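Undergrad: First, the structure itself, so that you have it in front of you.
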Amino acid sequence: MSAFPYEGQFEIHRTLPEEGTDQHSVLEMLTIMSTTENRVWESGQCSGTMYCGDHDHYDFLNEAFAKFSYVNTLQRDMCPSATKFEAEIIAMTLDLMNASALEGSVPGGLVTSGGSGSIAHAMLAYREMNSSTTQRPNVIKPETAHPAFDKACHLFGIELRVAPVDPLTTQVDLDWVKSNIDANTVALIGSAGNYGYGTLDPITELGAIALEHEIGLHVDGCLGGFILPFGRELGYDIEPFDFAVPGVTTISADTHKYGYALKGTSVLCFADQSLRNSQYFYRTDWSGGKYCSPGMDGSRSGGLLAATWAAMVHLGRSGYRRYAKEIFATSAAMQDAVRSHDSLRIMGKPSFLFSFTSDEFDIYHVNDFLQTKGWRLNGEQYPNAIHMAVTRPQTQPGTVERFTEDLADAVSYAKEHRGEKPKSGAIYGGVDGGPNDEADAFIKMFMAAMMDQQSSIPV
Ligand SMILES: Cc1ncc(COP(=O)(O)O)c(C=O)c1O
Numbered sequence: 166m167s168a169f170p171y172e173g174q175f176e177i178h179r180t181l182p183e184e185g186t187d188q189h190s191v192l193e194m195l196t197i198m199s200t201t202e203n204r205v206w207e208s209g210q211c212s213g214t215m216y217c218g219d220h221d222h223y224d225f226l227n228e229a230f231a232k233f234s235y236v237n238t239l240q241r242d243m244c245p246s247a248t249k250f251e252a253e254i255i256a257m258t259l260d261l262m263n264a265s266a267l268e269g270s271v272p273g274g275l276v277t278s279g280g281s282g283s284i285a286h287a288m289l290a291y292r293e294m295n296s297s298t299t300q301r302p303n304v305i306k307p308e309t310a311h312p313a314f315d316k317a318c319h320l321f322g323i324e325l326r327v328a329p330v331d332p333l334t335t336q337v338d339l340d341w342v343k344s345n346i347d348a349n350t351v352a353l354i355g356s357a358g359n360y361g362y363g364t365l366d367p368i369t370e371l372g373a374i375a376l377e378h379e380i381g382l383h384v385d386g387c388l389g390g391f392i393l394p395f396g397r398e399l400g401y402d403i404e405p406f407d408f409a410v411p412g413v414t415t416i417s418a419d420t421h422k423y424g425y426a427l428k429g430t431s432v433l434c435f436a437d438q439s440l441r442n443s444q445y446f447y448r449t450d451w452s453g454g455k456y457c458s459p460g461m462d463g464s465r466s467g468g469l470l471a472a473t474w475a476a477m478v479h480l481g482r483s484g485y486r487r488y489a490k491e492i493f494a495t496s497a498a499m500q501d502a503v504r505s506h507d508s509l510r511i512m513g514k515p516s517f518l519f520s521f522t523s524d525e526f527d528i529y530h531v532n533d534f535l536q537t538k539g540w541r542l543n544g545e546q547y548p549n550a551i552h553m554a555v556t557r558p559q560t561q562p563g564t565v566e567r568f569t570e571d572l573a574d575a576v577s578y579a580k581e582h583r584g585e586k587p588k589s590g591a592i593y594g595g596v597d598g599g600p601n602d603e604a605d606a607f608i609k610m611f612m613a614a615m616m617d618q619q620s621s622i623p624v
């Protein structure tokens, strides 16, 4: 077990201190920790996770957050601003998702705590909407769709049917989807784009199937929702994926990813408010008073709504388009670097996020070498692959050149070490060797290291 974070540098608190520490000293410790950790991504070598990476922007959002950080958005009589922020965040996102193309329905939305939250609320809505007609509802997701769907189905007792994807295009097998729909299927799922490969499922075709069977279609735009529309405007070859596609009934789009807001918000868009309303929770006969909440959360910070609203209103379409232009161009240049090596193969038709593998050697040798140069790409499995979600930090001058050079050396390293066991593995997905006892044990150890390190703190 590694040392407890910052052990030896800062005091470890096992109990609530009797006397508090002065504000200045607390802030000094926080500054040291955040400055140290920021260095990991500021170089532009870290895939995804820091979408804006601009400290001026973060300072602006933090200022917006601070003005409402202590406000509970449940108490709307005290904070009408929360209604303004939430309504406008939803309206702007619906507009971006082309809700004006919908006919005969009244679109609506929900601001949730993140991508997993939006996905969970969508699954809950499909279950509730169909509760009188299905015993145990099922949904069909492409294998590549995010595990947040598996989690939501696990939590809500929905059966999850996992459709295979084409190994070359990485897109969902439509025939499989068609032949696995039955009377209890309440929704299909497609990603735009998926976490692993940044590829889009054929949303138009999925929409047609959904319409034919009179079931829902959720498009997971958690990652792509706030960047793909601008990529399309810029002329990149991106298939339609929003409400302009007939049959699309919900879309998740994360403001805390390419929406460049603070961590903690996402928008779930509904083609029709009735679907959203089906998952509202009311308790009218509780002794504590009549209770209702629009989603699973109870109290929420008004600060997150204010900061999300501030990011959107401040950047505007031109700001998002400008960032998208830089990100798409950087991603294309990095993909060119990958394509310049015959031994590397890009998975499917990627976008701002690209993933690559090798048919000649284990790609984790490439990852091992890149790690020594400060790169932090994300690892995948079946097949082993690594991906780079290009965000604004990569658009800094010199990053593409550094990637190109380091990748060339990494390929040479991988060729030299072909046949040996690489040091790195698919962290997000598991460990090499597949879903066996060893992988389960590894995941349990990983969770314990993250959550239970207090037990390792010296008394
Ligand atoms: C495509 C996709 N969907 C859903 C999620 C889950 O989002 P979150 O981590 O905000 O819960 C992610 C996260 O990376 C994602 O890439």
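Quick note: the sequence shown uses our numbering, first residue 166, plus one each step. Glycine included, each C-beta is placed from N, C-alpha and C at the ideal position. Everything numeric in this text was worked out from a predicted model, so none of it was measured.
1) Curious, which full-length alpha helix (DSSP H) runs of at least 4 residues does the stretch 510-575 contain?
2) For a quick check, are the C-beta atoms of F391 and A264 less than 8 Å apart?
3) Cβ atoms of S464 and F446: under 8 Å apart, would you say?
4) Take L325 as the anchor and find which of Y223, P312, Q240 has the nearest alpha-carbon.
5) In angstroms with no decimal places, state the Cα-to-Cα distance between E404 and T200.
6) From the DSSP output, in three-state form, read off H383 for me.
7) Buried or exposed: T350, going by 16 or more other Cβ atoms within 10 Å of its Cβ?
8) Do C387 and K428 have their C-beta atoms closer together than 8 Å?
9) Buried or exposed, going by whether 16 or more other CB atoms sit within 10 Å of the CB of Q438?
10) Are the CB atoms of E251 and Q444 within a distance shorter than 8 Å?
11) I believe V531 touches A575 by the beta-carbon criterion, under 8 Å. Please report the beta-carbon distance rounded to the nearest angstrom.
12) Roughly how many angstroms separate the alpha carbons of Q536 and M553, rounded to a whole number?
13) Would you say the beta carbon of N359 comes nearer than 7 Å to a heavy atom of ligand 1?
14) Just mark S496 as buried or exposed, buried being the case when its beta carbon has 16 or more other beta carbons within 10 Å.
15) Compute the Euclidean distance between the alpha carbons of R557 and W206, then round it to the nearest angstrom.
16) Have a look at E525, S523, Q500, E268 and flag the residue whose alpha-carbon is nearest the alpha-carbon of S516.
17) Where F568 and F521 are concerned, what is the direct C-alpha to C-alpha distance, given to the nearest angstrom?
18) Rounded to whole angstroms, what's the CA-CA distance from G412 to G273? Just pull it up for me.
19) Would the beta-carbon of P367 fall within 8 Å of that of L399?
20) Where does V596 land, buried or exposed, given buried means 16+ other C-beta within 10 angstroms?
21) Restricting to Cα atoms, I'd like to know which of A472, P302, M198 is closest to A132.
22) Shorter than 7 Å, the distance from the beta carbon of C318 to the closest heavy atom of ligand 1, or not?
23) With DSSP collapsed to three states, give me the class of N349.
24) Use the C-beta contact count for W540: other C-beta atoms within 10 angstroms, 16 or more gives buried, fewer gives exposed.
25) Pick out whichever of D402, S296, D315, T299 has its Cα sitting closest to the Cα of I305.
26) Whole alpha helix (DSSP H) runs in the stretch 221-264 with 4 or more residues, listed along the chain?
27) What's the gap between the Cα of D331 and the Cα of V337?
28) When DSSP builds the beta bridges, which residues end up paired with R397?
29) Going straight from the alpha carbon of S234 to that of T277, what length do you get?
30) Buried or exposed for A348, going by 16 or more other Cβ atoms inside 10 Å?
31) Any heavy atom of ligand 1 closer than 7 Å to the beta-carbon of S281?
32) Can you give me the Cβ contacts of L480 inside the same chain, cut-off strictly under 8 Å, excluding the 5 residues immediately before and after it?
33) Could you tell me the alpha carbon to alpha carbon distance between C318 and E184, rounded to whole angstroms?
34) Assuming L181 contacts G358 (C-beta within less than 8 Å), just tell me the rounded distance between them.
35) Taking I380 as the reference, which of M243, T299, V191 has the closest Cα?
36) To the nearest whole angstrom, what separates the beta carbons of I291 and P302, a pair I think is in contact under 8 Å?
TA: Taking the definition as stated:
1) 528-537
2) Sequence index remark: in the sequence shown, residue 391 carries index 226 (1-based). Sequence index remark: in the sequence shown, residue 264 carries index 99 (1-based). No, the Cβ-Cβ distance between F391 and A264 is not below 8 Å.
3) In the sequence shown, counting from the first residue as 1, residue 446 sits at position 281. In the sequence shown, counting from the first residue as 1, residue 464 sits at position 299. No, they are not a contact pair.
4) Indexing the sequence shown from 1 puts residue 325 at position 160. Out of Y223, P312, Q240, P312 has the C-alpha closest to the C-alpha of L325.
5) The residue labelled residue 404 in the question sits at position 239 within the sequence shown. The residue labelled residue 200 in the question sits at position 35 within the sequence shown. Distance between the alpha carbons of E404 and T200: 40 Å.
6) Within the sequence shown, residue 383 is the residue found at index 218, counting from 1. Reduced to three states, the DSSP call for H383 is strand.
7) For the purposes of this step, residue 350 is taken as the residue at position 185 of the sequence shown. Under this definition T350 is a buried residue.
8) For the purposes of this step, residue 387 is taken as residue 222 along the sequence shown, with counting starting at 1. For the purposes of this step, residue 428 is taken as residue 263 along the sequence shown, with counting starting at 1. Not in contact: C387 and K428 (Cβ atoms no closer than 8 Å).
9) Walking along the sequence shown from the start, residue 438 turns up at place 273. Result: exposed.
10) Here residue 444 refers to the residue found at position 279 when the sequence shown is read from its first residue. Here residue 251 refers to the residue found at position 86 when the sequence shown is read from its first residue. Contact flag unset, no.
11) On the sequence shown, position 366 is the one that residue 531 refers to. On the sequence shown, position 410 is the one that residue 575 refers to. About 4 Å; that satisfies the 8 Å criterion.
12) Counting from 1 along the sequence shown, the entry for residue 536 is found at position 371. Counting from 1 along the sequence shown, the entry for residue 553 is found at position 388. In a straight line, the C-alpha of Q536 is about 13 Å away from that of M553.
13) Position 194 of the sequence shown, counted from the start, is the residue given in the question as residue 359. Yes, the beta carbon of N359 sits closer than 7 Å to at least one heavy atom of ligand 1.
14) For the purposes of this step, residue 496 is identified with residue 331 of the sequence shown, where counting begins at 1. With 16 or more other Cβ atoms within 10 Å, it is buried.
15) Looking up residue 557 in the sequence shown gives position 392. Looking up residue 206 in the sequence shown gives position 41. Cα-Cα distance, rounded: 11 Å.
16) If you number the sequence shown from 1, residue 516 lands on position 351. Of the candidates E525, S523, Q500, E268, the one whose C-alpha sits nearest the C-alpha of S516 is Q500.
17) On the sequence shown, position 403 is the one that residue 568 refers to. On the sequence shown, position 356 is the one that residue 521 refers to. Looking at the two C-alpha atoms, the distance is approximately 14 Å.
18) In the sequence shown, the residue the question calls residue 412 occupies position 247. In the sequence shown, the residue the question calls residue 273 occupies position 108. Distance between the alpha carbons of G412 and G273: 16 Å.
19) Here residue 367 refers to the residue found at position 202 when the sequence shown is read from its first residue. Here residue 399 refers to the residue found at position 234 when the sequence shown is read from its first residue. No; because the gap between Cβ atoms is not below 8 Å, this pair is not in contact.
20) Here residue 596 refers to the residue found at position 431 of the sequence shown. The predicted model places V596 with a pLDDT of 47, which falls under 50 and marks its position as unreliable, so this point remains unresolved.
21) Lying outside 166 to 624, the shown extent of the chain, residue 132 is not represented and no answer is given.
22) Looking up residue 318 in the sequence shown gives position 153. The answer is no for C318.
23) Against the sequence shown, residue 349 aligns to sequence position 184. The answer is coil: DSSP assigns N349 none of H, G, I, E or B.
24) Walking along the sequence shown from the start, residue 540 turns up at place 375. Per the 10 Å Cβ criterion, buried.
25) Here residue 305 refers to the residue found at position 140 of the sequence shown. Checked all of D402, S296, D315, T299; the closest Cα to I305 is D315.
26) 245-261
27) The residue given as residue 331 occupies position 166 in the sequence shown. The residue given as residue 337 occupies position 172 in the sequence shown. If I take the Cα positions, the gap works out to 6 Å.
28) On the sequence shown, position 232 is the one that residue 397 refers to. The partner list for R397 (beta bridge, DSSP) is empty, contrary to what the question assumes.
29) The count along the sequence shown starts at 1 and reaches residue 234 at position 69. The count along the sequence shown starts at 1 and reaches residue 277 at position 112. Using only the alpha carbons, I get a separation of about 16 Å.
30) Here residue 348 refers to the residue found at position 183 when the sequence shown is read from its first residue. So A348 ends up on the exposed side.
31) Along the sequence shown, one-based indexing puts residue 281 at 116. For ligand 1, at least one heavy atom lies less than 7 Å from the Cβ of S281.
32) As a position in the sequence shown, residue 480 is number 315, starting the count at 1. Taken in chain order, the residues that qualify are Y425, Y488.
33) Here residue 318 is taken as the residue at index 153 of the sequence shown, counted from 1. Here residue 184 is taken as the residue at index 19 of the sequence shown, counted from 1. Each residue's Cα considered, the two are about 46 Å apart.
34) Indexing the sequence shown from 1 puts residue 181 at position 16. Indexing the sequence shown from 1 puts residue 358 at position 193. L181 to G358, Cβ: 45 Å. No contact.
35) Within the sequence shown, residue 380 is the residue found at index 215, counting from 1. The shortest Cα separation from I380 among M243, T299, V191 belongs to T299.
36) Taking the first residue of the sequence shown as position 1, residue 291 is located at position 126. Taking the first residue of the sequence shown as position 1, residue 302 is located at position 137. Looking at the sequence provided, one finds Tyr at residue 291 rather than Ile. The Cβ separation is near 7 Å, so the contact holds.
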